[in-house]
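Q: Counted from 1, the sequence shown has number 418 at position 418 by UniProt numbering; the numbering is strictly sequential. A virtual CB, placed ideally from N, CA and C, is assigned to each residue, including glycine.
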Amino acid sequence: MSSTLLEVTRAAHEEVERLERLIVKDLQNEPTSNKDRLFQSHRVRNMIDTITSTTERLVEIYEDKDSARKDEIAALGGQTATGVNVFSAFYDRLKEIREYHRKHPVARVVDANDDVEALLKEEPQIEFSGEEAFGRYLDMHELYHQYVNSKFGEPIEYSAYLDVFSETDKIPRKMKTTRQYREYLENLLEYLIYFFQRTEPLQDLDRIFSKVTNEFEENWATGTVHGWENVNQENGHAPTQHTAIDLDYYSTIEELIEVGPERLKEALAALGLKTGGTVQQRAERLFLTKHTPLEKLDKKHFIKGARGLENNGVAAAPQEGNLKQENLKEVALMEAKMNRLCDLLDETIVRTKDNIVKKQALTYEEIEAEREEEETQEDSESEDDEQQIYNPLKLPMGWDGKPIPYWLYKLHGLGQEFKCEICGNYSYWGRRAFERHFKEWRHQHGMRCLGIPNTKNFNEITSIEEAKELWKKIQQRQGVNKWRPDLEEEYEDKEGNIYNKKTYTDLQRQGLI
């Protein structure tokens, strides 16, 4: 049944559509923890890879390079070598179907929806070290030891290394030409790529690196790569107009000597000739090239192994310089890719450094206990999120994230809002909080600004106008001069004890409160 090419094509299309629906359904579920997010991303990544491989197989079938699909379609129409016989093709296919069901009598149609839930709960195998804590932190200890034991590195702590490993511009350019630095940079880039692929499987790393490479090529051509500015001139590969000397302007060796020893040395090196000797010898050696082609000069004038490598007479020294420059370009490109990955993993790097600093103050037992606590906390959070909180009365939430009991809500009047104009229209929720606020600093400050003493007479008074009217009535009843603030104005200490002003001042002077 499934051996026919058309059946393979139909099954492939069905598989692609089924995986597309699974991806949509999986992405509709919001992950509750970092572990669930990684599992979801890797599941989607695996399904995308399967879709890609299946689609490539379909493209090969539709291209039909061996004409197998064309022949099978013709056979369905009854076309044979002897002619067209539709009924013969029909009965042959019917016989094939009956034979298949005779050999497989218990075969049944499998519903693709049966295993949807199992696929969405699948946990792909992701390799992380214990230090990486399932993608939360970086594990760069091997790279750290490689750095501190190298000539370009420095003896620093691991936490400090996490700050400086991406700052390659601080390493001298002379050290970057060594094999040791190249191997270190390759290992560093390889680890960051591997970690990024495990933690962000849905990111298109090839597209990211392609953009980095294009920007790098443009900056390299103009000599503006960060940390590699004017690399050509610094390595002695300056353009020809700055190193070559036009000998047509010089008729004698004495005139050529006036150019100077450094300029003569650069011109000889550009042609692959020996650069040693006195100024006189350098000038004589360079003056020979005025009337004699390079390929006809005696080999004693060339650097060892330089002559004969190219048919057009170009020396080997520039070739070696070009090879060296290409190596430097590769190193610079790796640095650019590494810096881009560091930008993408910036939060992880900061989190890793904070974790290392925190672990330095803990013992091994405390570190293990904290790790177990984090794992159990993630599991409990995911379980709590799955349970929907039932709160039809819209009760306030308690300390445990659940609604408080209804009797407690009614007892304390937590659903009632009390506003106090004297406190600046501040809201107090519940009767108990409202009664206590008359002794708090906010209400006392408001009464003091109104010029009214904060006494028991003004309890339950929240309006400024009511407080002023009551104060006028008290003054009229007792007289203005009868107000004795030393005895009637109240003060409260830290323990909640109430004193009049005179007693409070005396105790404060004695240092008792």
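Is Ser463 helix, strand or coil by DSSP?
A: Indexing the sequence shown from 1 puts residue 463 at position 463. DSSP places Ser463 in coil when its eight states are reduced to three.
Q: Taking the C-alpha atoms as reference points, what is the distance between Lys494 and Glu440?
A: The residue given as residue 494 occupies position 494 in the sequence shown. The residue given as residue 440 occupies position 440 in the sequence shown. Their Cα atoms are separated by approximately 11 Å.
Q: Using the three-state DSSP reduction, which class does Met447 fall into: helix, strand or coil?
A: Mapped onto the sequence shown, residue 447 falls at position 447. Looking at Met447 - three-state DSSP - the assignment turns out to be helix.
Q: Buried or exposed for Met175, please, with buried defined as at least 16 other CB atoms from any protein chain shown within 10 angstroms of its CB.
A: Mapped onto the sequence shown, residue 175 falls at position 175. The residue in question, Met175, is exposed, as its Cβ has fewer than 16 Cβ neighbours within 10 Å.
Q: What is the residue span of the alpha helix (DSSP H) that Ser427 lies within?
A: The count along the sequence shown starts at 1 and reaches residue 427 at position 427. First-last for Ser427: 426-429, but that is the beta strand (DSSP E), not the alpha helix (DSSP H).
Q: Check whether the Cβ atoms of Phe195 and Gly135 sit closer than 9 Å, and answer yes or no.
A: Here the question's residue 195 lines up with position 195 in the sequence shown. Here the question's residue 135 lines up with position 135 in the sequence shown. Yes, the pair counts as a contact, with Cβ atoms nearer than the cut-off.
Q: Whole alpha helix (DSSP H) runs in the region 124-177 with 4 or more residues, listed along the chain?
A: Whole alpha helix (DSSP H) segments, 4+ residues: 141-148, 158-164, 173-176.
Q: Would you kindly report the start and end of the unbroken beta strand (DSSP E) that includes Phe302?
A: In the sequence shown, the residue the question calls residue 302 occupies position 302. Looking at the DSSP string, Phe302 is not in any beta strand (DSSP E), and its letter there is neither H nor E.
Q: Can you tell me whether DSSP reads Asn214 as helix, strand or coil?
A: Residue numbering aside, residue 214 sits at position 214 when the sequence shown is read from its first letter. Here Asn214 sits in helix by DSSP.
Q: Where does Ile245 fall in DSSP's three states?
A: For this step, residue 245 is matched to residue 245 along the sequence shown. Of the three classes helix, strand and coil, the one that applies to Ile245 here is coil, per DSSP.
Q: Is there contact here, the region 19-27 with the region 94-108, by at least three beta-carbon pairs under 8 Å?
A: Short answer: they don't touch.
Q: What does the Cβ neighbour count give for Trp471, buried or exposed, with the cut at 16 atoms within 10 Å?
A: For the purposes of this step, residue 471 is taken as residue 471 along the sequence shown, with counting starting at 1. Trp471 should be labelled buried.
Q: Relative to the alpha-carbon of Ser251, which residue among Thr289, Glu266, Thr275, Ala270 has its alpha-carbon at the smallest distance?
A: In the sequence shown, the residue the question calls residue 251 occupies position 251. Considering only alpha carbons, the answer is Thr289.
Q: Is it a yes or a no for the region 198-217 touching the region 157-167, going by three-plus beta-carbon pairs under 8 Å?
A: Cβ pair count under 8 Å is below three, so no.
Q: Which stretch, first to last residue, makes up the beta strand (DSSP E) that contains Ile23?
A: Translated into the one-based positions of the sequence shown, residue 23 becomes position 23. Where Ile23 is concerned, there is no enclosing beta strand (DSSP E), although the alpha helix (DSSP H) it sits in stretches over 5-27.
Q: Using the three-state DSSP reduction, which class does Lys419 fall into: helix, strand or coil?
A: Translated into positions along the sequence shown, residue 419 becomes position 419. Lys419 falls in the strand class under three-state DSSP.
Q: Quick check: the Cα distance between Gln508 and Asn497, rounded to an integer number of angstroms?
A: Locating residue 508 in the sequence shown gives position 508, counting from the first residue. Locating residue 497 in the sequence shown gives position 497, counting from the first residue. Those two C-alpha atoms are separated by around 13 Å.
Q: Expressed to the nearest angstrom, what Euclidean distance is found between the alpha-carbon atoms of Val24 and Glu417?
A: As a working mapping, residue 24 is identified with position 24 in the sequence shown. As a working mapping, residue 417 is identified with position 417 in the sequence shown. Going by the C-alpha atoms only, they are around 46 Å apart.
Q: Let me confirm a value: Ala270 is counted as buried when at least 16 other C-beta atoms fall within 10 Å, else exposed. Which label applies?
A: Start at 1 with the first residue of the sequence shown, and residue 270 comes out as number 270. Looking at its Cβ environment, which holds 16 or more other Cβ atoms inside 10 Å, Ala270 is buried.
Q: For Pro403, which beta-bridge partners are listed by DSSP?
A: Stepping through the sequence shown from its first residue, residue 403 is reached at position 403. The partner list for Pro403 (beta bridge, DSSP) reads Met397.
Q: Per the contact definition of three or more C-beta pairs closer than 8 Å, is the region 180-197 in contact with the region 326-345?
A: The region 326-345 is in contact with the region 180-197.
Q: Lys151: which of Phe128, Ser166, Lys121, Glu183 sits nearest, CA to CA?
A: Your numbering for residue 151 matches position 151 in the sequence shown. Nearest C-alpha to Lys151: Glu183.
Q: Measure the alpha-carbon distance for Leu58 versus Tyr364 and round it to whole angstroms.
A: As a working mapping, residue 58 is identified with position 58 in the sequence shown. As a working mapping, residue 364 is identified with position 364 in the sequence shown. Cα to Cα, the separation comes out at about 56 Å.
Q: By alpha-carbon positions, which one of Gln280, Gly276, Ser166 ends up nearest to Glu255?
A: Position 255 of the sequence shown, counted from the start, is the residue given in the question as residue 255. Answer by Cα proximity: Gln280.
Q: Indicate the three-state DSSP secondary structure (helix, strand or coil) for Tyr250 in the structure shown.
A: By one-based count along the sequence shown, residue 250 stands at place 250. Three-state DSSP puts Tyr250 in coil, outside helix and strand.
Q: Name the DSSP bridge partner or partners of Leu273?
A: The residue you call residue 273 lines up with position 273 of the sequence shown. In the DSSP output, where bridge partners are listed per residue, Leu273 has Phe302.
Q: Report buried or exposed for Trp407, applying the criterion of at least 16 other Cβ atoms within 10 angstroms of its Cβ.
A: In the sequence shown, the residue the question calls residue 407 occupies position 407. Flag for Trp407 reads exposed.
Q: Nearest-angstrom Cα distance between Glu154 and Ile356?
A: To locate residue 154, count along the sequence shown from 1; it is residue 154. To locate residue 356, count along the sequence shown from 1; it is residue 356. Whole-angstrom Cα-Cα distance: 19 Å.
Q: Can you tell me where the alpha helix (DSSP H) holding Asn187 begins and where it ends?
A: The residue given as residue 187 occupies position 187 in the sequence shown. From DSSP, the alpha helix (DSSP H) with Asn187 extends over 179-199.
Q: Measure from the alpha carbon of Phe287 to the alpha carbon of each residue in Leu268, Glu465, Lys300, Lys299, then state which is nearest.
A: Sequence index remark: in the sequence shown, residue 287 carries index 287 (1-based). The residue with the shortest Cα to Cα distance from Phe287 is Leu268.
Q: Leaving out five residues before and five after Ile126 in sequence, what residues of the same chain have Cβ atoms less than 7 Å from its Cβ?
A: Sequence index remark: in the sequence shown, residue 126 carries index 126 (1-based). Correct list, in chain order: Leu38, His42, Arg198.
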